[in-house]
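In the working numbering, the protein residues as written are 181 to 324.
Using N, Cα and C, we set each Cβ at its ideal position, and we do this for glycine too.
The structure presented is a predicted model; accordingly, all values stated were derived computationally and were not measured.
Below you'll find the structure, written out as structure tokens, and then a few comments.
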Amino acid sequence: MPAQNDVDTKASDDTQLAQSSPTYAFRVSNLQINFHKNSLNVICRPSRSSKSSLLLALLGEMELLRGHVHLPLAQLPIDDDSRIAKTAYRSQEPWIMNQTIRAHILLELRFQNHRYKIAHDAVTLSRDIAEFEDGNLAHCGGTR
């Protein structure tokens, strides 16, 4: 457990947050997390495991049902001299097109076998694509 003065932001283990009030279609509960000052803090979880919702909750964008979130930066004035003025959140929207894997690699450029092979090999896709029945012509994104 880190020393208390090393912890900048935290949520207690009885904290419960909700979105889509009053039906509470989404919840984060029984969470205990510490972010350390002057450090890189990384949240690594599988896709669709509420990483963005956790960050939005810390920014006050979700309803706190019970427990508490301690965010000392939130008490600073929002001006050019405060760290809160330099804090931002920008979500990344999914950009997977309803296309083939090959179309994703080409990004609307003309197919050139030599250049395609260089790109394909650079990101070591051979093994992954070999598992698809249709190879690089397998469809991804949208309805398959």
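- Put simply, of S209, S219 and I213 the residue whose alpha carbon is nearest the alpha carbon of E243 is S209.
- Using a 10 angstroms sphere on the CB of I281, the tally of other CB atoms reaches 16 or more, which defines it as buried.
- Cα atoms of P226 and Q292: separation of roughly 34 Å, rounded to the nearest angstrom.
- For A310, the number of other beta carbons within 10 angstroms of its own is below 16, and it is reported as exposed.
- By the neighbour-count criterion, in which a residue is buried when 16 or more other Cβ atoms sit within 10 angstroms of its Cβ, V249 is buried.
- In terms of CA proximity to L238, L211 leads the group S219, L211, L286 and A318.
- With contacts defined by Cβ atoms closer than 9 Å, S232 and S271 form a contacting pair.
- The continuous stretches of beta strand (DSSP E) do not include L317, and DSSP gives it neither H nor E.
- Counting only runs of 4 or more residues that sit fully inside the region 271-304, the alpha helix (DSSP H) segments are 281-286 and 293-302, in chain order.
- Straight across, the Cα-Cα distance linking D308 with Y296 is about 16 Å.
- A distance of 9 Å or more separates the beta carbons of H300 and I276.
- If the five residues before and after I223 are omitted, its C-beta is found closer than 8 Å to the C-beta atoms of K231, L234 and L235, all from its own chain and listed in chain order.
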